[in-house]
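Heads up: the structure comes next, in structure tokens.
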């Protein structure tokens with residue numbers, strides 16, 4: 006059953022967050038143009054779906070905005086800071102401090118427990134281990150994974166593993182969470198539940214969410230949908246958000 010929940014961020018959280026924007030973004034792979042002059046703005050705490058057919062440039066746009074791939078031309082800004090002119094070390098630090106990531110496969114570390122995976126960004130940032138693990142356990146519990154903290158990825162279902170990935174992405178309360186086909190490997194019901202958990206948790210943290218998905222029905226559950234075709238924005242629409250209720254036990 007689908008129910009409406011608020012995806013609006015807490016006011017105090019969102020006001021402190023920087024906006025993310027791209028101007029005239031161009032990216033080529035050899036003779037193929039993946040992005041052709043894309044302009045996009047994402048406001049603090051906003052949830053945006055990026056859709057389009059295969060090869061439309063949606064994953065490339067996410068990677069350019071996140072500072073993973075350099076654009077061939079154009080600008081990327083986070084607040085008053087220009088991202089695309091930073092060196093690799095500075096971009097890496099920006100990704101660690103300001104961005105969170107959720108991928109289709111989860112990309113959890115097989116040897117670590119769920120709580121250790123969820124705490125990994127904090128641990129790498131030098132946060133005290135006991136504090137980092139305590140915060141990770143709290144986040145996992147909020148995401149319906151109470152009792153699974155000591156399980157390793159191989160002992161979790163697909164939906165549970167993605168919720169661990171969500172907890173990891175939120176560990177440092179990032180300004181923006183980038184999710185590339187986060188429900189692509191899940192069945193429809195689990196995918197809807199997982200997306201609901203992601204949006205609810207991000208809203209609580211005041212984090213913006215940029216979701217790349219091929220699932221237009223799923224995209225329709227987010228407040229805004231940007232549609233790409235041949236490396237250009239074909240449409241940019243807002244709609245009433247309707248996502249699955251979060252919480253409870255993860256499937």
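Numbering (this note's numbering), first residue to last: 6 to 256.
Ideal placement from N, C-alpha and C gives every residue a C-beta, glycine not left out.
Cα separation between residue i and residue j?
| i | j | result |
| --- | --- | --- |
| residue 185 | residue 204 | 14 angstroms |
| residue 225 | residue 215 | 14 angstroms |
| residue 10 | residue 222 | Only weak support is given to the placement of residue 10: the predicted model assigns it a pLDDT of 37, under 50, and the value that follows is read from those uncertain coordinates. So the alpha carbons of these two residues sit roughly 17 angstroms apart. |
| residue 100 | residue 91 | 12 angstroms |
| residue 104 | residue 86 | 14 angstroms |
| residue 176 | residue 121 | 11 angstroms |
| residue 155 | residue 58 | 39 angstroms |
| residue 106 | residue 172 | 10 angstroms |
| residue 241 | residue 113 | 33 angstroms |
| residue 17 | residue 49 | Low confidence applies here, because residue 17 scores a pLDDT of 46, under 50, leaving its location unreliable; read the following figure in that light. Rounded to the nearest angstrom, the two C-alpha atoms are 11 angstroms apart. |
| residue 66 | residue 200 | 20 angstroms |
| residue 141 | residue 35 | 42 angstroms |
| residue 209 | residue 181 | 13 angstroms |
| residue 70 | residue 39 | 14 angstroms |
| residue 244 | residue 147 | 27 angstroms |
Less than 8 angstroms between the CB atoms is what I'm expecting for residue i and residue j, so what's the real figure, rounded?
| i | j | result |
| --- | --- | --- |
| residue 285 | residue 115 | As shown, the chain starts at 6 and ends at 256. That puts residue 285 outside it, with no answer to give. |
| residue 27 | residue 42 | Wrong, their Cβ atoms sit about 10 angstroms apart, outside the cutoff. |
| residue 78 | residue 132 | In fact, because the Cβ distance is near 38 angstroms, the residues do not count as touching under 8 angstroms. |
Is the beta carbon of residue i sitting closer than 8 angstroms to the one on residue j?
| i | j | result |
| --- | --- | --- |
| residue 218 | residue 24 | no |
| residue 227 | residue 63 | no |
| residue 191 | residue 168 | no |
| residue 109 | residue 189 | yes |
| residue 51 | residue 229 | yes |
| residue 89 | residue 98 | no |
Would DSSP call residue i helix, strand or coil?
| i | result |
| --- | --- |
| residue 163 | helix |
| residue 180 | coil |
| residue 61 | coil |
| residue 80 | strand |
| residue 217 | strand |
| residue 105 | strand |
| residue 9 | Residue placement at residue 9 is poorly supported in this model, since its pLDDT is 37, which falls under 50; the coordinates are not used for a value here. |
| residue 139 | helix |
| residue 251 | Interpretation of residue 251 is limited by its pLDDT of 47, a score under 50 that renders its predicted location unreliable; no figure is taken from the coordinates. |
| residue 234 | strand |
| residue 53 | strand |
| residue 127 | helix |
Provide the residue(s) that pair with residue i in DSSP beta bridges, ordered along the chain.
| i | result |
| --- | --- |
| residue 197 | DSSP output for residue 197 lists no bridge partner at all. |
| residue 41 | 31 |
| residue 172 | The partner list for residue 172 (beta bridge, DSSP) is empty, contrary to what the question assumes. |
| residue 185 | 108 and 217 |
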